[in-house]
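First up is the structure itself, then whatever we jot down about it.
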Amino acid sequence: DTGVSQDPRHKITKRGQNVTFRCDPISEHNRLYWYRQTLGQGPEFLTYFQNEAQLEKSRLLSDRFSAERPKGSFSTLEIQRTEQGDSAMYLCASSFLQTETGELFFGEGSRLTVL
Amino acid sequence: EDQVTQSPEALRLQEGESSSLNCSYTVSGLRGLFWYRQDPGKGPEFLFTLYSAGEEKEKERLKATLTKKESFLHITAPKPEDSATYLCAVQEGTYNTDKLIFGTGTRLQVFP
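Chains G and F are the protein sequences, given in the same order.
Numbered by my numbering, the letters in the first sequence go through residues 1 to 115 in order.
Numbered by my numbering, the letters in the second sequence go through residues 1001 to 1112 in order.
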């Protein structure tokens, strides 16, 4: 399967714990995005990489959130000291540099529940 | 502030009953408007890109159109498999940004 892969698909954690999500983009795609989606809402932009460089970061992304994309391949999104408000679906998407930048291929998401 | 509003929030149609979904937007210089489909528990799936007023795109029973302030997604003779949430997103063009601003979506249910 050559789609965007996210792991884990579901994570339940207690408030205050750290969690990390992994995203493996489509292999030839050099752009990678993280979005967050809560129930009944559209996806909300978090951050964006081109190869290994983090080019854009939302003001919504507090200091507890950090994302990396070492070597321009897979990416991780870490949330430290989780809060109940962090409960959401975390979506990863990728695209090829030469295509229209709004044409994203999304993974199936990682659902986070903070108790 | 850039904003995307979709209506209606939910739409129930009988199979074969055509209708339209609306996406109105406020953005500083539109770079592109995008339609996505999202099935429950899945990530969004890209449908169309529209760049300028008057542009139209078609795919099977779906047709997207764009004016200077809104976009419509027309669904002709829908089938139950068209049931999904349809998301509209815009990308603004005056700043160096690649982020998409999504609306809250229209949840479509098509009954046989």
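Glycine is no exception: its CB is placed at the ideal position from the N, C-alpha and C atoms.
Among the residues of its own chain, which have a CB less than 6 Å from the CB of residue i, if the five just before and after it don't count?
{"i": "THR1026 (chain F)", "result": "GLN1003"}
{"i": "TYR33 (chain G)", "result": "TYR48 and ALA93"}
{"i": "THR1076 (chain F)", "result": "SER1018 and ARG1061"}
{"i": "PHE1034 (chain F)", "result": "THR1049 and ALA1089"}
{"i": "TYR1051 (chain F)", "result": "GLY1032"}
Assign residue i to one of three DSSP states: helix, strand, or coil.
{"i": "ASP63 (chain G)", "result": "coil"}
{"i": "GLY1032 (chain F)", "result": "strand"}
{"i": "LYS71 (chain G)", "result": "helix"}
{"i": "GLN1014 (chain F)", "result": "strand"}
{"i": "GLU1055 (chain F)", "result": "coil"}
{"i": "ASP1039 (chain F)", "result": "coil"}
{"i": "GLU1070 (chain F)", "result": "strand"}
{"i": "GLN84 (chain G)", "result": "helix"}
{"i": "GLU1060 (chain F)", "result": "coil"}
{"i": "ASP1098 (chain F)", "result": "coil"}
{"i": "GLU52 (chain G)", "result": "coil"}
{"i": "GLU179 (chain G)", "result": "Lying outside 1 to 115, the shown extent of chain G, residue 179 (chain G) is not represented and no answer is given."}
{"i": "GLU28 (chain G)", "result": "coil"}
{"i": "GLU1001 (chain F)", "result": "coil"}
Below 8 Å on the Cβ atoms is my guess for residue i versus residue j; work out the distance and round it to an integer in Å.
{"i": "GLN6 (chain G)", "j": "GLU108 (chain G)", "result": "6 Å"}
{"i": "GLU103 (chain G)", "j": "THR1049 (chain F)", "result": "6 Å"}
{"i": "ARG36 (chain G)", "j": "ALA88 (chain G)", "result": "5 Å"}
{"i": "LEU39 (chain G)", "j": "SER58 (chain G)", "result": "Rounded, the Cβ-Cβ distance is 20 Å, inconsistent with contact."}
{"i": "GLY1043 (chain F)", "j": "PHE106 (chain G)", "result": "3 Å"}
{"i": "LEU97 (chain G)", "j": "ARG31 (chain G)", "result": "6 Å"}
{"i": "PRO70 (chain G)", "j": "GLU52 (chain G)", "result": "6 Å"}
{"i": "ALA67 (chain G)", "j": "GLN54 (chain G)", "result": "7 Å"}
So, for residue i: in the same chain, excluding its five sequence neighbours on each side, which residues have a beta-carbon less than 7 Å away from its beta-carbon?
{"i": "PRO8 (chain G)", "result": "SER110"}
{"i": "ILE12 (chain G)", "result": "THR113 and LEU115"}
{"i": "SER1024 (chain F)", "result": "THR1005, LYS1069 and GLU1070"}
{"i": "GLN80 (chain G)", "result": "ASN18 and ARG64"}
{"i": "ASP1082 (chain F)", "result": "ARG1061, ILE1075, LEU1108 and VAL1110"}
{"i": "HIS10 (chain G)", "result": "ARG111"}
Return the bridge partner residues of residue i from the DSSP annotation.
{"i": "LEU1006 (chain F)", "result": "For the sequence presented, residue 1006 (chain F) should be read as Gln rather than Leu. According to DSSP, which records beta bridges pairwise, GLN1006 (chain F) is partnered with F:CYS1023."}
{"i": "GLU1092 (chain F)", "result": "F:LEU1030"}
{"i": "LEU1050 (chain F)", "result": "F:LEU1033"}
{"i": "ALA93 (chain G)", "result": "G:TYR33 and G:PHE106"}
{"i": "ASP7 (chain G)", "result": "G:ARG22"}
{"i": "GLN1109 (chain F)", "result": "F:ARG1012"}
CB-CB under 8 Å to residue i, same chain, minus the five flanking residues each way: which ones, in chain order?
{"i": "GLU1092 (chain F)", "result": "ASP1002, VAL1027, SER1028, GLY1029, LEU1030, ARG1031 and ILE1101"}
{"i": "SER1020 (chain F)", "result": "PHE1072, LEU1073, HIS1074 and ILE1075"}
{"i": "GLY3 (chain G)", "result": "ILE26, PHE105 and GLY107"}
Next on the checklist: With three or more C-beta pairs closer than 8 Å as the rule, is the stretch 1058-1066 of chain F touching the stretch 12-29 of chain G?
Outcome noted: Look at the beta carbons and you see the stretch 12-29 of chain G not touching the stretch 1058-1066 of chain F: under three pairs across the two are nearer than 8 Å.
Next on the checklist: Using 8 Å as the cut-off, can you tell me whether the stretch 1093-1111 of chain F makes contact with the stretch 1009-1017 of chain F, which would need three or more C-beta pairs spanning the two stretches below that distance?
Outcome noted: Using a Cβ-Cβ distance cut-off of 8 Å, the stretch 1093-1111 of chain F and the stretch 1009-1017 of chain F are in contact, since at least three pairs of beta carbons, one from each stretch, lie closer than that value.
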